[in-house]
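Peer 1: Chains as they are written, first to last, in my numbering: chain C, 1 to 110; chain L, 1001 to 1123. Below: one structure in structure tokens.
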Amino acid sequence: QSVLTQPPSVSAAPGQKVTISCSGSSSNIGRYSVSWYQQLPGTAPKLLIYDNIQRPSGVPDRFSGSKSGTSATLGITGLQTGDEATYFCGTWDNSLTAVVFGGGTRLTVL
Amino acid sequence: QLQLQESGPGLVKSSETLSLTCTVSGGSISDGSHYWGWIRQPPGEGLEWIANINYSGKTYYNSSLKSRVTISVDTSKNQFSLQLSSVTAADTAVYYCARHSKVGSTTYYCDFWGQGTLVTVSS
């Protein structure tokens, strides 16, 4: 069971918007910033968002992040079929002194 | 561009020790602002963080694996390594090496990942 909680799956139509939630606690999201990763089928995870809201160079602004209290959210607008992937949230946990991840959310673009 | 590449046996026998090495190119592992770590993903499952280490040898471990894990760094070769002892079928997974970046005291993220290597534990 993952320390961070994500919905197992979400779906939306091309061109629409979707949000993916990530819930934690005061020892992780409540204290540290959140990062998000995109894992396309058969590939390694790729950093999508860091420091709650920052996008690495090359990541489209269709992807956005936010954080409030002990929860974080990834938003994707203008959905494309190429966005079909599994998305993971991650952060540090100071009770565990470890990196922790969510269980992953599989996005289907219908 | 920084690149990480995992190497090691793809098949390990049950009860033996899994050994993997990550070679870093396009940057120095001695960069003091980063940690270097391992993350695994069992088939069809999520990500599990294993451990990380910095250039001076400071380490952090997943407490559930700590008793079986050794992580080390070789700055002369720009490599870091993972050893996982007493493996079982539950250790079958794709193992990724990744650079961990730390900004200030509250921001941690994995910004560069290797392609991953599948390690299967056989009986």
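Even glycine gets a Cβ: it sits at the ideal position worked out from N, Cα and C.
Return the Cβ separation of leucine 1020 of chain L and glycine 1008 of chain L in integer angstroms, given the expectation that the two are a contact with Cβ distance under 8 Å.
Peer 2: Correct: roughly 4 Å between the Cβ atoms.
Peer 1: Under 9 Å, CB to CB, which of the residues in the segment 1007-1021 of chain L have a partner in chain C?
Peer 2: Here the close residues number zero.
Peer 1: Ordered along the chain, which non-local residues of its own chain (more than five positions away) have a Cβ less than 7 Å from that of arginine 1068 of chain L?
Peer 2: Correct list, in chain order: Leu1084, Ser1085 and Ser1086.
Peer 1: Cutting at 8 Å between CB atoms, please list the residues of its own chain near threonine 26 of chain C, excluding the five before and the five after it.
Peer 2: First, the residue type needs correcting, since residue 26 of chain C is serine and not threonine in the sequence shown. Correct list, in chain order: Thr70.
Peer 1: Taking only beta carbons into account, state which residues of the segment 31-42 of chain C come closer than 8 Å to chain L, listed in chain order.
Peer 2: Taking 8 Å as the Cβ-Cβ cut-off against chain L, the residues of the segment 31-42 of chain C that qualify are Arg31, Tyr32, Ser33, Ser35 and Tyr37.
Peer 1: Just to confirm, is the Cβ distance from lysine 1077 of chain L to tyrosine 1035 of chain L under 8 Å?
Peer 2: It is not a contact, given that the beta carbons lie outside the stated cut-off.
Peer 1: Using only CA atoms, which one of L:Ser1056, L:Glu1016, L:Arg1099 and L:Asp1091 lies nearest to threonine 1023 of chain L?
Peer 2: Among L:Ser1056, L:Glu1016, L:Arg1099 and L:Asp1091, the Cα nearest to that of threonine 1023 of chain L belongs to L:Arg1099.
Peer 1: Roughly how many angstroms lie between the CA atoms of tyrosine 1055 of chain L and valine 1094 of chain L, to the nearest whole one?
Peer 2: Those two C-alpha atoms are separated by around 24 Å.
Peer 1: Taking a Cβ distance cut-off of 9 Å, strictly less, list which residues of the segment 1107-1120 of chain L are near chain C, in chain order.
Peer 2: Within the segment 1107-1120 of chain L, the qualifying residues are Thr1107, Tyr1108, Tyr1109, Cys1110, Asp1111, Phe1112, Trp1113, Gly1114, Gln1115 and Gly1116.
Peer 1: Glycine 1057 of chain L: which of L:Thr1107, L:Arg1040, L:Phe1112 and L:Gln1079 sits nearest, CA to CA?
Peer 2: Of the listed residues, the one whose Cα sits closest to glycine 1057 of chain L is L:Gln1079.
Peer 1: Which residues in chain C sit within 8 Å of glycine 1046 of chain L, going by Cβ to Cβ distance?
Peer 2: Within 8 Å Cβ-Cβ: Ser2, Phe88, Phe101, Gly102, Gly103 and Gly104.
Peer 1: Would threonine 70 of chain C pass as an interface residue toward chain L - the criterion being a Cβ-Cβ separation below 8 Å?
Peer 2: Taking Cβ atoms only, chain L never reaches closer than 8 Å to threonine 70 of chain C, which makes this a no.
Peer 1: How big is the Cα-Cα spacing for glycine 1026 of chain L and glutamine 1115 of chain L?
Peer 2: Distance between the alpha carbons of glycine 1026 of chain L and glutamine 1115 of chain L is about 15 Å.
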